[in-house]
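Notes follow once the structure below has been shown.
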Amino acid sequence: MKELIVNVLGLVFLLTLAAAAPGPGQAQAAPAPGLPQGQLPSAGFDDHQNMMDQLGVKALRPGPNPNDQSTFDEATANPYKDSMPDVLRMKDGTRVTKAKQWPKRRAEIVEDFEREVYGRIPKNVPKVTWEVTATTPGDSGGVPTRTRTLVGHVDNSAYPQITVNIQASFTTPANAKRPMPIIVEFGGFGGFFGFGRPRVGPSWQQQAIAHGWAYGSINPASIQPDNNHLTSGIIGLTNKGQPRKPEDWGALRAWQWGVSRLIDYFEAHPDSQVDPKKVGIEGLSRYGKAALVTEAFEPRIAVGLIGSSGEGGAKLHRHIYGEAVENLAGGEYYWMAGNFIKYGASDPPKTAADLPVDSHELIALCAPRPCFISYGMVEHGDAKWVDAHGSFMAGVLAGPVYKLLGKKDFGTPGDYLTDPMPPVGQLIGGELAWRQHEGGHDVTPNWPSFFAWVSRYIQAPEIPQPTAAPAGQAAPATPAALPAAGPPWGGAADQPSPRADANSLLAHSQLVAKARQGGIDVYFVGDSITRRWGSSDPQYADRLANWKANFFGWNAADFGWGGDRIQNILWRLQNGELDGVQPKVIVVLAGTNNVGAVPGGDPQVTDITRGIRAIRDVCRAKAPGATIILTAIFPRNDNMAVMPEINKINANIAGLCDGRTVRYLNVNDKLADKDGNLYAGMMNPADKLHPTVQGYQVWADGLRPILTELLGPPAATDHAPPPTGDPSAAGNK
Numbered sequence: 150m151k152e153l154i155v156n157v158l159g160l161v162f163l164l165t166l167a168a169a170a171p172g173p174g175q176a177q178a179a180p181a182p183g184l185p186q187g188q189l190p191s192a193g194f195d196d197h198q199n200m201m202d203q204l205g206v207k208a209l210r211p212g213p214n215p216n217d218q219s220t221f222d223e224a225t226a227n228p229y230k231d232s233m234p235d236v237l238r239m240k241d242g243t244r245v246t247k248a249k250q251w252p253k254r255r256a257e258i259v260e261d262f263e264r265e266v267y268g269r270i271p272k273n274v275p276k277v278t279w280e281v282t283a284t285t286p287g288d289s290g291g292v293p294t295r296t297r298t299l300v301g302h303v304d305n306s307a308y309p310q311i312t313v314n315i316q317a318s319f320t321t322p323a324n325a326k327r328p329m330p331i332i333v334e335f336g337g338f339g340g341f342f343g344f345g346r347p348r349v350g351p352s353w354q355q356q357a358i359a360h361g362w363a364y365g366s367i368n369p370a371s372i373q374p375d376n377n378h379l380t381s382g383i384i385g386l387t388n389k390g391q392p393r394k395p396e397d398w399g400a401l402r403a404w405q406w407g408v409s410r411l412i413d414y415f416e417a418h419p420d421s422q423v424d425p426k427k428v429g430i431e432g433l434s435r436y437g438k439a440a441l442v443t444e445a446f447e448p449r450i451a452v453g454l455i456g457s458s459g460e461g462g463a464k465l466h467r468h469i470y471g472e473a474v475e476n477l478a479g480g481e482y483y484w485m486a487g488n489f490i491k492y493g494a495s496d497p498p499k500t501a502a503d504l505p506v507d508s509h510e511l512i513a514l515c516a517p518r519p520c521f522i523s524y525g526m527v528e529h530g531d532a533k534w535v536d537a538h539g540s541f542m543a544g545v546l547a548g549p550v551y552k553l554l555g556k557k558d559f560g561t562p563g564d565y566l567t568d569p570m571p572p573v574g575q576l577i578g579g580e581l582a583w584r585q586h587e588g589g590h591d592v593t594p595n596w597p598s599f600f601a602w603v604s605r606y607i608q609a610p611e612i613p614q615p616t617a618a619p620a621g622q623a624a625p626a627t628p629a630a631l632p633a634a635g636p637p638w639g640g641a642a643d644q645p646s647p648r649a650d651a652n653s654l655l656a657h658s659q660l661v662a663k664a665r666q667g668g669i670d671v672y673f674v675g676d677s678i679t680r681r682w683g684s685s686d687p688q689y690a691d692r693l694a695n696w697k698a699n700f701f702g703w704n705a706a707d708f709g710w711g712g713d714r715i716q717n718i719l720w721r722l723q724n725g726e727l728d729g730v731q732p733k734v735i736v737v738l739a740g741t742n743n744v745g746a747v748p749g750g751d752p753q754v755t756d757i758t759r760g761i762r763a764i765r766d767v768c769r770a771k772a773p774g775a776t777i778i779l780t781a782i783f784p785r786n787d788n789m790a791v792m793p794e795i796n797k798i799n800a801n802i803a804g805l806c807d808g809r810t811v812r813y814l815n816v817n818d819k820l821a822d823k824d825g826n827l828y829a830g831m832m833n834p835a836d837k838l839h840p841t842v843q844g845y846q847v848w849a850d851g852l853r854p855i856l857t858e859l860l861g862p863p864a865a866t867d868h869a870p871p872p873t874g875d876p877s878a879a880g881n882k
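The numbers in this note's numbering rise by one with no breaks, and the one at position 334 of the sequence shown is 483.
Here it is in structure tokens:
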């Protein structure tokens, strides 16, 4: 249970997963040590051990334990201060005192980072051809918008066994008169983890539009899976299914490469209304690392917002407080170059002190471009593990490069060991800026400060604001019927929102860990109706038996959680529960908790429909190869007055399906009569909402023919992760 609590605090998983096998075929690349010429890795291939063998590493040191408070002792956190690299000293000892010397010194730093830390992007990475797959009108605070959904098809003609399609989207005001700056978010809606205090006010997307910025997102998992499957994704495609070599790129550089290709699209398409010279990048947690790496290595990035990035990001490697080099070397090593592993080795021994660079030099690579480093409060969920102080220290050490290039640093005295951090909520600095906000492991509270700050350096056009309708006249219609501020019943369904209760956060961690186990071909997501079917909780044992009887052999896994509304499900999908899973089928049943027991009228129908559409879209983005089955909301008889709304919503859900990649399943005529009156035995008689085993069998009878069509008959064995239950129950601790 401690491991789950660690994850609830936004910590990185320390999992070593078996690498996925690439498709069969003849490989042209030279094999890594231990693999004969032309032989591809097997299903049981251990990428981590292979890299250790290449490096001659026999043993690794264990990383710090997040549950051990001695890990967080500032008095012992700087044992390697004497080996801290001087960002303004050349390899030959020459002191850099003039701006014209910086390009040479910068090249030295880049070389060290590429060789030892993040890896090199190969010269033979296949080309990308972009396709606009959808153009969707919308609304942001009354401003009409246009969203373009993109797929970047990576040329796999040299190795057809691996397919990579980059998923991205961007939104501009429909009435934009000239190209706009854009902020692109890694992962969408806050990165991998994003939680803390409840979010209030306009979304960051609405703030962007209001400040004259377009906004976009890119799905990292569509570029390179966030796991150790390094013989898949763009890395596997480029290597033609062969393992990496020690200097090859890891996932962070791969994700940066994907953003670079998106900038290529903006450069090639002036009609996008995006200024390719004003592209910003933002990310949180692991995607905060990716955002910093992207700004450092991609010179076309104009500004970065780096959220709670921790080890491998802005945190000093040599500041031994919280997550350390050893944790990545033995855990998420796949983010980094293979060479990085050796700095966590005990045999032969190396430590962070042996690294030729440190993270202040990564920040310095962003100079003179604006860079905003963001953290939250430990008390609200931004754990000590991510080491805000170590990142502040790195910013202090990077400051001299900004000053050398005529820009402003943090404005502190300049001694990284003694400079005090500013109070929470205070923005300091110039082009290099720092603000620790009042929230948790999130970027959201810093967006207002970011847009006010960035306006000093990047000019954005004014966007005509909506005007009130004359008295007695209706407001003009906008492409999105639902007000952007959200409906009166609390939060728009298409805006992801986390559950604030501790048990739901524990469940989220549990389900993210479950997703990372792999072996999932059929992915069920929803609320308690979905959860109870495949739950290990003893009170639902008869439902689990029905689940196994219907789906064993199809590798089905249940990702439902009780009490979730659409926006909560959407948040879970956006924050790790579908990342890297790549199921073949996704079954969705959501919306009954948004309907509730009180009619909400047509605005509620519209809101729920938009929420279901958002779930469909995020499933498409994160699992582009999956067939999605949207299940009609089941009838509920706790208040028959809501049945007309359920019927309207279901009719709208049908309109979201194309009959091929998105299927519609409505079994309600088997559960209730035409007026919505439940048939006997279908639902729990106490709540008239949750199915009995008989009701679940009706749903299964609707699903099984579709699954057979898509997957064939069920196999004799099943590889899905074991069922999960209530994480707070005694049996799950």
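We put the beta carbon where it would ideally sit given N, CA and C, even for glycine.
| Item | Value |
| --- | --- |
| Alpha helix (DSSP H) runs wholly inside the region 541 to 611, at least 4 long, in chain order | 596 to 603 |
| When Glu580, Leu722, Ala803, Gly574 are compared against Leu554, the one with the closest alpha-carbon | Glu580 |
| For Asn704, three-class secondary structure by DSSP | coil |
| Residues near Leu514 in its chain [Cβ-Cβ closer than 6 Å; skip 5 each side] | Ala445 |
| When Tyr551, Ala770, Ile678 are compared against Arg785, the one with the closest alpha-carbon | Ile678 |
| Rounded straight-line distance, which links the Cα of Pro517 to that of Phe892 | Examination of residue 892 is not possible in this model, given that the chain is present from 150 through 882 alone. |
| Through-space distance from Ala363 to Pro322, alpha-carbon basis | 7 Å |
| Residue range of the unbroken alpha helix (DSSP H) whose run includes Cys768 | 750 to 771 |
| Meets three-Cβ-pair contact criterion under 8 Å: the region 793 to 804 and the region 832 to 850 | no |
| Cβ-based burial, Pro100 [other Cβ within 10 Å; buried from 16] | Residue 100 lies beyond the stretch modelled for the chain, which goes from 150 to 882, so this question has no answer here. |
| Nearest residue (CA-CA) to Gln716, options Met201, Gly268, Val674, Ile332 | Val674 |
| Buried versus exposed call for His868 [16 or more other C-beta atoms within 10 Å across all chains shown] | exposed |
| Cβ-Cβ distance between Thr469 and Pro228 below 8 Å | Looking at the sequence itself, residue 469 is Ile, so the reference to Thr does not match. Yes, the pair counts as a contact, with Cβ atoms nearer than the cut-off. |
| Which listed residue (Asn476, Pro369, Pro876) has its alpha carbon closest to that of Gly729 | Pro369 |
| Alpha-carbon spacing of Ala537 relative to Glu460, whole angstroms | 10 Å |
| Own chain, CB closer than 6 Å to Tyr689, minus 5 neighbours either side, in chain order | Arg681 |
| The region 392 to 412 in contact with the region 261 to 268 per 3-pair CB rule at 8 Å | yes |
| Simplified DSSP state of Glu444, which is helix, strand or coil | helix |
| Alpha-carbon spacing of Ala763 relative to Asp217, whole angstroms | 40 Å |
| For Gly456 and Val545, believed in contact at Cβ under 8 Å, the rounded distance | Not a contact, Cβ separation roughly 19 Å. |
| Backbone CA spacing between Gly563 and Gln356 [nearest angstrom] | 34 Å |
| Sequence ranges, alpha helix (DSSP H) only - wholly within the region 373 to 398, length at least 4 | 382 to 387 |
| Residue range of the unbroken beta strand (DSSP E) whose run includes His302 | 292 to 303 |
| Of the residues Leu693, Trp720, Tyr308, Val333, the one placed nearest Val428, counting alpha carbons only | Val333 |
| Below-8 Å beta-carbon distance, Asp850 vs any chain B residue | The structure shown contains no chain B; it holds only a single protein chain. |
| Status (buried if at least 16 other CB within 10 Å, exposed otherwise) for Glu280 | exposed |
| For Ala698 and Tyr524, the rounded distance between their alpha carbons | 48 Å |
| Buried versus exposed call for Asp807 [16 or more other C-beta atoms within 10 Å across all chains shown] | exposed |
| Expected contact under 8 Å - CB spacing of Ala439 and Val474 to nearest Å | Ala439 to Val474, Cβ: 18 Å. No contact. |
| Range of the contiguous beta strand (DSSP E) that encloses Trp279 | 277 to 289 |
| Closest residue to Gly291 among Lys247, Lys249, Gln354 (Cα-Cα distance) | Gln354 |
| Cβ-Cβ separation, Gly382 to Gln373 (assumed contact under 8 Å), whole Å | 4 Å |
| Ser232 in three-state terms, based on DSSP | helix |
| Residue closest to Phe541, alpha-carbon to alpha-carbon, out of Asp503, Lys464, Val313, Asp424 | Lys464 |
| Residues near Lys499 in its chain [Cβ-Cβ closer than 6 Å; skip 5 each side] | Lys491, Tyr492 |
| Closest Cα partner of Pro773 within the set Gln753, Leu738, Lys733 | Lys733 |
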